[in-house]
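Everything in the sequence shown is counted per this note's numbering, starting at 19 for the first residue and increasing by one.
Some notes on the structure that comes next.
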Amino acid sequence: MLDARLRPLIDPPLNRMGRMLAATGIGANAMTLAGFAVGLTAAAAIASGAFLAGFLLIALNRLADGLDGAIARATRKTDLGGYLDITLDFFFYGAIPLAFAINDPAGNALAAAALLTSFYANGSAFLAFAIMAERKGLSTGAQGSKSLYYLGGLAEGTETIALFLLMALLPGWFAVLAWSFAVVCFVSAAARVLIGVKALRT
């Protein structure tokens, strides 16, 4: 819901940094892979109870996720880059709730399972529509320049990262936050399905 509103604010500084990094020879795919490694390290930190380290590493992962696209815009966007970006993002989104479940199975596992299921539903609606949109030649620039059709919803990247950061700051509230956001994600998934059905009927 907030992604489109934030793009005009975050894209200009990211693009400047992307051009600087591209000039040094750093590639977009290398940044994607480095960011993913940082994200997995964040999950490992959370699983071991190092929540502040997890908070900082999540923030660094998201910075890298913004910079890989900025580097690609400064050089050349590729299908491989877009594929790696979205795929590793979803791996990361799954790793953080799992890390909280590993840290406290008795208190967090059920809430983490509900959150992951809601991510699965939301991601399925999102990615399946992107495939159909590509076949129909549909496009949108609402979320900035993307490698695939980005169907907006209540729960997008900004909200998810804000959730993860809040969880890392308040780990004792993980279950409450996870259940609450799972409800938001299920509503978002249902809305995306309805939007997708309407778009594909016309």
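For glycine and all other residues, C-beta sits at the position ideal for the given N, C-alpha and C.
field: Residue nearest to Gly53 in terms of C-alpha spacing, selected from Asn121, Trp197, Thr93, Tyr111
entry: The residue from Asn121, Trp197, Thr93, Tyr111 with its alpha-carbon nearest to that of Gly53 is Tyr111.
Within 9 Å, strictly: CB atoms of Ala90 and Gly43: No; because the gap between Cβ atoms is not below 9 Å, this pair is not in contact.
query: Using the C-alpha atoms, what's the distance from Pro123 back to Leu183?
result: Distance between Leu183 and Pro123, taken at the CA atoms: about 20 Å.
- prompt: the ligand ATP heavy atoms versus the CB of Leu74: any closer than 8 Å?
  reply: This structure lacks the ligand ATP, and indeed carries no ligand of any kind.
- prompt: Are the beta-carbon atoms belonging to Ala60 and Leu81 less than 9 Å from one another?
  reply: No, Cβ-Cβ distance for Ala60 and Leu81 is not below 9 Å.
- request: Within 10 angstroms of the Cβ of Leu106, are there 16 or more other Cβ atoms? Answer buried if so, exposed if not.
  value: With 16 or more other Cβ atoms from the protein chains shown falling within 10 Å of its own Cβ, Leu106 counts as buried.
- prompt: Do Ala148 and Ala207 have their C-beta atoms closer together than 9 Å?
  reply: Contact flag unset, no.
Beta-carbon contacts of Val56 that lie in its chain and below 7 Å, excluding the five residues immediately before and after: Here the set comprises Leu75, Leu78, Asn79, Ala82.
- request: Would you kindly work out how many angstroms separate the C-alpha atoms of Leu51 and Ile114, rounded to a whole number?
  value: Spanning the two alpha carbons is a distance of roughly 17 Å.
Which listed residue (Glu152, Leu212, Met38) has its alpha carbon closest to that of Ala88: It is Met38 whose Cα lies nearest to the Cα of Ala88.
- request: Could you have a look at Leu188 and say whether DSSP puts it in helix, strand or coil?
  value: DSSP places Leu188 in coil when its eight states are reduced to three.
- prompt: Considering only the beta carbon of each residue, do Ala180 and Phe118 sit closer than 9 Å?
  reply: Cβ atoms of Ala180 and Phe118: not closer than 9 Å.
- prompt: Alpha carbon to alpha carbon, what distance is there between Gly45 and Leu5?
  reply: Given a span of 19 to 220 for the chain in the structure shown, any question on residue 5 remains unanswerable.
- prompt: Do Leu102 and Leu32 have their C-beta atoms closer together than 9 Å?
  reply: Against a cut-off of 9 Å, the Cβ pair of Leu32 and Leu102 comes out as no contact.
task: Could you check what DSSP says for Thr50 in three-state terms: helix, strand or coil?
output: In this structure, Thr50 counts as helix in the three-state DSSP scheme.
- request: Quick one: grab the DSSP three-state call for Gln161.
  value: For Gln161, the predicted structure reports a pLDDT of 49, less than 50, and the residue's modelled location is therefore unreliable. The matter cannot be settled from this model.
- request: Please report the residue range of the alpha helix (DSSP H) in which Lys154 lies.
  value: From DSSP, the alpha helix (DSSP H) with Lys154 extends over 123 to 154.
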